[in-house]
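> Got a structure for you, questions after.
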Amino acid sequence: MASTYPQSTGTQVLDHPTGNEGARHRLPRQSSRSSAPLLGVTAVTAAFGATAFAQAPAAAPAIVSPDEASDGLLAADPGLALAARIQQQADGQRTAADESARIAAAKDAEAKRAAQQAEAKLASHTLPVADYTLSAEFGQAGVHWSRLHTGLDFAARTGTPVVAIGAGTITSAGWSGSYGYRIIQTLPDGTEIWYCHLYRISVATGRVTPGTVLGSVGATGNVTGPHLHLEVRPGGGAPIDPLPWLQKLGLQP
Numbered sequence: 069m070a071s072t073y074p075q076s077t078g079t080q081v082l083d084h085p086t087g088n089e090g091a092r093h094r095l096p097r098q099s100s101r102s103s104a105p106l107l108g109v110t111a112v113t114a115a116f117g118a119t120a121f122a123q124a125p126a127a128a129p130a131i132v133s134p135d136e137a138s139d140g141l142l143a144a145d146p147g148l149a150l151a152a153r154i155q156q157q158a159d160g161q162r163t164a165a166d167e168s169a170r171i172a173a174a175k176d177a178e179a180k181r182a183a184q185q186a187e188a189k190l191a192s193h194t195l196p197v198a199d200y201t202l203s204a205e206f207g208q209a210g211v212h213w214s215r216l217h218t219g220l221d222f223a224a225r226t227g228t229p230v231v232a233i234g235a236g237t238i239t240s241a242g243w244s245g246s247y248g249y250r251i252i253q254t255l256p257d258g259t260e261i262w263y264c265h266l267y268r269i270s271v272a273t274g275r276v277t278p279g280t281v282l283g284s285v286g287a288t289g290n291v292t293g294p295h296l297h298l299e300v301r302p303g304g305g306a307p308i309d310p311l312p313w314l315q316k317l318g319l320q321p
């Protein structure tokens, strides 16, 4: 009859046969429910966890942009939010004022340029007589002309200086029948300007600049009184109305 031994919580007694059948040697064996192996696994797991934790890089700190931080402050403080809105409005008004000032400055600069161009244009051209009265216009009919009037008459006292309207070359000067004493000036574009009924001729040839005294007002040729008869002939051809031609130069007779 086999003997029964009480079991402990940690070991179990086994019967092992030996050379002496009557003798039995008891050897302890760890039970499958023993805590020793569990302790070993727990220790390994803990060691592995500690190593993994040591090797794992530290989590990077959260990066918050200045705008996000500012938004957070504004949300937390209504006073700051109101001040920010006021500042934004002030910035917007300042930007609009700066833009208006820039546009105004650009307009002023453009006006100054236009004025300077007008002055330069006037400096390059001048009316032929300083003190005068317009006594006859282009195309006007009269008993003193065989056909319609071909120029513009500047009535002035005898001896009043007659000057060159623009830069050009004197290509003819002398007596010309009904025109009396006449000077022809040719401009760079080929336009001829006839200065007629002169009392005196001061420049008979060569280049002249605007304002150069060419002669003086007279009453020579077919006239009823002293005046300058001015004709404008583009390319030396038929005469045109001098009035709009002078106005295009910025001159107002």
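Heads up, the sequence shown stops at 321 in my numbering, and the numbers go up one at a time, no gaps. Glycine included, every Cβ here is placed at the ideal spot set by N, Cα and C.
#1: Let's test the definition: count the other Cβ atoms within 10 Å of the Cβ of E178 and tell me whether it reaches 16, buried, or not, exposed.
#2: For P302 and G248, I'd like the C-alpha separation in whole angstroms.
#3: Have a look at A149, P278 and R181 and flag the residue whose alpha-carbon is nearest the alpha-carbon of P256.
#4: What is the DSSP secondary structure of R292, reduced to helix, strand or coil?
#5: With 16 other CB atoms within 10 Å as the buried threshold, where does T292 fall?
#6: Checking the sheet assignment: what are the DSSP bridge partners for H297?
#7: How is the beta strand (DSSP E) around L282 delimited, first residue to last?
#8: Report, in whole angstroms, the separation of the C-beta atoms of E299 and G219, which I expect to be a contact under 8 Å.
#9: Does the beta-carbon of Q253 have 16 or more other beta-carbons within 10 angstroms, so that it is buried, or is it exposed?
#10: Compute the beta-carbon to beta-carbon distance between R250 and P294, rounded to the nearest angstrom, for a pair I have assumed lies under 8 Å.
#11: Using the Cβ count rule (16 or more neighbours within 10 Å means buried), how would you classify S284?
#12: Per DSSP, what are the beta-bridge partners of S240 in this structure?
#13: Is P229 helix, strand or coil when you go by DSSP?
#14: A153 to R170, Cα distance in whole Å?
#15: Determine the extent of the beta strand (DSSP E) in which L202 is found, giving its start and end residues.
#16: At which residues does the alpha helix (DSSP H) containing Q315 begin and terminate?
#17: Would V231 pass as a contact of T194 if the rule is Cβ separation under 8 Å?
#18: Beta-carbon separation of D309 and G207 under 8 Å?
#19: By how many angstroms is the C-alpha of V271 removed from the C-alpha of G238?
#20: Which one or two residues does DSSP pair with R275 in a beta bridge?
#21: For I154, write down the residues that DSSP places opposite it in a beta bridge.
#22: Assign R101 to one of three DSSP states: helix, strand, or coil.
If we stick to the structure as given:
#1: exposed
#2: 22 Å
#3: P278
#4: The question names Arg, but residue 292 is Thr in the sequence shown. DSSP places T292 in coil when its eight states are reduced to three.
#5: exposed
#6: D221 and C264
#7: V281 to V285
#8: 4 Å
#9: buried
#10: Not really, about 15 Å apart at Cβ, beyond 8 Å.
#11: buried
#12: I252
#13: strand
#14: The question names Ala, yet the displayed sequence has Arg at residue 153. Near 26 Å, if we compare the C-alpha coordinates of R170 and R153.
#15: T201 to A204
#16: P310 to K316
#17: yes
#18: yes
#19: According to the sequence provided, residue 238 is Ile. The question's Gly does not apply to it. Whole-angstrom Cα-Cα distance: 8 Å.
#20: R275 pairs with T237.
#21: DSSP, once it has assigned bridges, lists no residue as partnering I154.
#22: In this predicted model, R101 has a pLDDT of only 48, less than 50, meaning its place in the structure is not dependable enough to derive any value.
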